[in-house]
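Protein chains in written order, with the numbering used here: chain S, 2 to 167; chain Y, 2 to 167.
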DNA sequence: GAGCACGTACTCGGATAGGTGTTGTCCGAGTGATGCCGG
DNA sequence: CCGGCATCACTCGGACAACACCTATCCGAGTACGTGCTC
C-alpha cells in the first residue's frame, strides 16, 4: 500500500519511453506495456486518462499510438500524478470543529473563521510535496535514465519498437 | 477522497482535547466522539490504534479513558499519521525497470544499481512533506486553537467533561 | 461504625459487515494500411 | 500498369467484474466504583 497508486508508477515508466521521439513517432500502449511486463489492458486505460488530462496525443489506426502533447521538459511529475489521481488533496478537511456539541448546531464565527489549524499544517506539507514533484519534469527523469543505461540498450529499444511496426 | 483517510482528521481533533490535561485526567473515547459529533465506535477503534502506536495510554474501568503517553510537544502530527496509516510511503516502487522484456528475466547490474529515478523524486517529495508534519506538534496545534477560541469556551468544555464523569 | 464482598455500569478491545476506490479484463468503434479486382 | 474498393489488422475507448481498503458497527472482556451486608 502507498498513498499514490501503482498506476502512477506504471504511467511514468511508460511515459519515459516517449521522451526521445521524433514528432512522427508514436508508441502503442500495447507495446509499451509488453516491453515492461505490464498489463496491456490496464496501461491502455491509463493512457486514456493521460490523454484526457492533455498530456499525450492519441493517433488512431494501424501504426498509431501515443506521443507527448508537449515538450518533455514542460511535463512535470506533478502533471502526471494529478492527471491520474484527479488532483486529490493530501487531506480533506471536513470541518469537524463546526460540529462541537456545545455549539448546538450553530457554530460561532470564531470557530468557522479562517483555516482549521490542522488543515493549515496539512496544506503546507502538501504544498511542499507538490512543489518537489513540480520541479521534476519527464525530461529530467529521462536524463537520469540516459546517464545509467548504456548506449547499446537505447538503440536496442528503438530497434524493438521498430520491429513491432512491421 | 484524499490521500490521507479521514481517520487522521478525527484522531487529531480528538487528541487536541487531551493536550491540556492534568496527569490524572482521562477522556473516554465515547465522550470525545460525542462532543464532536463523531461515531463513538469508530473513534474507539482509532484510539486502539493510537494506543498500539504508543501515543496514548489507556486507563480501564469506570471513569477511565485515554491520556497522552508523553508531552504534547513531543507528539508530532507525523506520529499520529504514521500511527494510524502504518507509516505507508507516498510511493511504492515495484522496480518496473527490472522487468524490461529486453532483459529476458536477468536484468543487468546497471538497471538494478542505485535508486530508480522516479523513486528518488518521490522520496524527496515525501521527505519534505513528512518533515513539515514532523515540525508541527500537538502542542502547536492546541496553541493555535487557544488563540482562536474564547476563554469561556475552554471552560465550558472542561465543565462538560466533568459533568460526564458523574 | 468499619471492613468486606458483590453487583453494576462504564471502559477498552477485537471480531464482524457495508461502501467505495483501485486494479485488472473484456469487447466494441474507428481508422489506416494492404491486397485484390477491374479498367 | 494504374486506380479504386473492400477487407483486415491494429489502435483507441469505454463498459464490465474482482479485489482490497476504509468506514462503521456490534458485542464481549475486564475493571473501578458504589452499595449493601456482616461483624
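Note that CB positions come from ideal geometry on N, CA and C, so glycine has one too.
In this text, all values refer to a predicted model and were calculated from it rather than measured experimentally.
Buried/exposed call for residue i, threshold 16 Cβ in 10 Å
{"i": "residue 139(Y)", "result": "buried"}
{"i": "residue 75(Y)", "result": "exposed"}
{"i": "residue 30(S)", "result": "buried"}
{"i": "residue 137(Y)", "result": "buried"}
{"i": "residue 2(S)", "result": "exposed"}
{"i": "residue 32(S)", "result": "buried"}
{"i": "residue 12(S)", "result": "buried"}
{"i": "residue 160(Y)", "result": "exposed"}
{"i": "residue 116(Y)", "result": "exposed"}
{"i": "residue 107(Y)", "result": "exposed"}
{"i": "residue 156(S)", "result": "exposed"}
{"i": "residue 42(S)", "result": "exposed"}
{"i": "residue 96(Y)", "result": "exposed"}
{"i": "residue 131(Y)", "result": "buried"}
{"i": "residue 37(Y)", "result": "buried"}
Residue range of the unbroken beta strand (DSSP E) whose run includes residue i
{"i": "residue 58(Y)", "result": "57-60"}
Helix, strand or coil at residue i according to DSSP, with G and I counted as helix
{"i": "residue 68(Y)", "result": "strand"}
{"i": "residue 40(Y)", "result": "coil"}
{"i": "residue 92(Y)", "result": "coil"}
{"i": "residue 28(S)", "result": "strand"}
{"i": "residue 107(S)", "result": "coil"}
{"i": "residue 84(Y)", "result": "helix"}
{"i": "residue 54(Y)", "result": "coil"}
{"i": "residue 114(Y)", "result": "coil"}
{"i": "residue 4(Y)", "result": "coil"}
{"i": "residue 146(Y)", "result": "helix"}
{"i": "residue 23(Y)", "result": "coil"}
{"i": "residue 63(S)", "result": "coil"}
Beta-bridge partners of residue i, as assigned by DSSP
{"i": "residue 77(Y)", "result": "138(Y)"}
Residue i - containing alpha helix (DSSP H), residue span
{"i": "residue 13(Y)", "result": "7-17"}
{"i": "residue 158(Y)", "result": "152-166"}
**Prompt:** Listed in chain order, which residues of the region 30-41 of chain S have Cβ atoms closer than 8 Å to some Cβ of chain Y?
**Reply:** Answer set for the region 30-41 of chain S: 35, 36, 37, 38 and 39.
**Request:** Check each residue of the region 81-92 of chain Y: if its Cβ is closer than 9 Å to any Cβ of chain S, include it; give the result in chain order.
**Result:** The residues in question are 86, 87, 89, 90, 91 and 92.
**Asked** In the region 41-67 of chain Y, which residues sit with their C-beta less than 9 Å from some C-beta in chain S, listed in chain order?
**Response** Within the region 41-67 of chain Y, no residue has a Cβ that lies closer than 9 Å to any Cβ of chain S.
**Prompt:** Quick one, which residues of the region 133-144 of chain S are near chain Y if we go by CB-CB under 7 Å, in chain order?
**Reply:** Those residues of the region 133-144 of chain S that come within reach of chain Y (Cβ to Cβ, closer than 7 Å) are 133, 134, 137 and 142.
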